[in-house]
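Down below is the structure, laid out as structure tokens.
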């Protein structure tokens with residue numbers, strides 16, 4: 031276990047994958063609460079994190095498309111696609 035002066039962090043897409051799995055089975059998979067059920071609050075936190083990741087990916091795709099010279103409407107359409115397809 032890490033001491034209190036040490037930051038615990040994870041690569042965002044791995045954390046998101048773990049959070050999605052926890053939400054599906056509704057049980058903690060890491061840390062002190064491992065094996066205990068998720069509260070509604072904790073499930074909500076995971077949902078919020080996953081939405082943030084989706085928003086970040088969309089904004090990244092939008093700005094990238096604009097930088098490539100696409101119109102705002104084209105960039106908006108690209109930013110709303112899931113996966114790596116453009």
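Residue numbers (the working numbering): 31 to 116.
The beta carbon of each residue, even a glycine, is placed where N, CA and C say it ideally should be.
Being a predicted model, the structure only gives us computed values, none of them experimental.
Count the other C-beta atoms from every protein chain shown that fall within 10 angstroms of the C-beta of residue i, then say buried if there are 16 or more, exposed otherwise.
i, result
"residue 90", "exposed"
"residue 92", "buried"
"residue 105", "buried"
"residue 109", "buried"
So who's on the other strand from residue i, going by DSSP bridges?
i, result
"residue 67", "57"
Kindly indicate which three-state DSSP category residue i falls into: helix, strand or coil?
i, result
"residue 43", "helix"
"residue 110", "coil"
"residue 101", "coil"
"residue 36", "coil"
"residue 52", "helix"
If contacts are defined as beta-carbon pairs under 8 angstroms, then residue i and residue j qualify, I think. What distance do you get, rounded to the angstrom?
i, j, result
"residue 49", "residue 71", "Contact flag wrong, Cβ pair sits at about 14 angstroms."
"residue 57", "residue 42", "Rounded, the Cβ-Cβ distance is 22 angstroms, inconsistent with contact."
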